[in-house]
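Count the sequence shown with the numbering used here and you get residues 84 to 259, in order. Okay, so here's the structure we're looking at.
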Amino acid sequence: MLLYRNGVHPEFFDIENRRRIEHCGYEFEAWQFNGGHVCLFEHEGICLVEVVTPSLTGLPERGLVTTMPCAGEKDHEATFGDRITFMTSIQTETLSDHLYLGTYNEMLKHGEESDCLLGLWKDETAQPNLSLVEMQRYTDEVHVQGYHLRSDCGLVLRTQSIFQSGVDEDSASSED
């Protein structure tokens, strides 16, 4: 996962689906592509971008705040001025073929029944893969869950992120 403090151009990604939200002074956009997603959150001139991608090749370094490998379990929180707080949790799991297919079918059903971004593709051995991005809009924040399933290694990657607007850095750090 990469976190940028400025916009990232869509030409870096083979975008399959996108969704845009404008609400209460913030703008949010999610892009889903095979194996990953991009979330852009902008509030009062500050832009924050989360990128989850299987390949870092060719991505810009300009504006890059942090890079977190998507392996195991990780949590990260950062506040940008008095405008945006970002929190994320990353979990990965490697499953046997049988468990992978069960999880794939469960996520496929969830994706088809929900209002989310869903991408399906088969790898070179004709095994099913899935990327799903689900969003919930609130008054001053957006919650995003990303699920990326790769059949070549039985990998399930789950990200949960919150983009929150209008948070004062001093009060956010004093609550820790």
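A virtual CB, placed ideally from N, CA and C, is assigned to each residue, including glycine.
Beta-carbon contacts of residue i that lie in its chain and below 6 Å, excluding the five residues immediately before and after
i: residue 241; result: 174 and 230
i: residue 115; result: 99, 100, 200, 202, 214 and 216
i: residue 29; result: Residue 29 is absent from the structure shown; the chain starts at 84 and stops at 259.
i: residue 127; result: 166
i: residue 132; result: 87, 91 and 123
i: residue 112; result: 103 and 123
Own chain, CB closer than 8 Å to residue i, minus 5 neighbours either side, in chain order
i: residue 222; result: 106 and 107
i: residue 224; result: 245, 246, 247 and 248
i: residue 182; result: 237
i: residue 153; result: 84, 135, 173, 175, 240 and 242
i: residue 149; result: 85, 86, 159 and 161
CB contact flag (residue i, residue j, <8 Å)
i: residue 216; j: residue 244; result: no
i: residue 136; j: residue 164; result: no
i: residue 232; j: residue 212; result: yes
i: residue 220; j: residue 104; result: yes
Per-residue burial, residue i [other beta carbons within 10 Å of its own, 16 or more giving buried]
i: residue 122; result: buried
i: residue 247; result: buried
i: residue 209; result: exposed
i: residue 168; result: buried
i: residue 171; result: buried
i: residue 138; result: exposed
i: residue 94; result: exposed
Own chain residues within Cβ distance below 7 Å of residue i, not counting five before or after
i: residue 151; result: 84, 157, 159 and 173
i: residue 178; result: 186, 237 and 239
i: residue 155; result: 175
i: residue 197; result: 217
i: residue 207; result: none
i: residue 234; result: 183, 206, 210, 211 and 212
Ordered list of beta strand (DSSP E) runs contained in the stretch 126–199, each at least 3 residues: Scanning the stretch 126–199 for uninterrupted beta strand (DSSP E) segments of 3 residues or longer gives 129–135, 147–150, 156–163 and 167–177, listed from N- to C-terminal end.
For the structure I just gave you, are there three or more beta carbon pairs, one from the stretch 137–145 and one from the stretch 156–169, closer than 8 Å? The stretch 137–145 is not in contact with the stretch 156–169.
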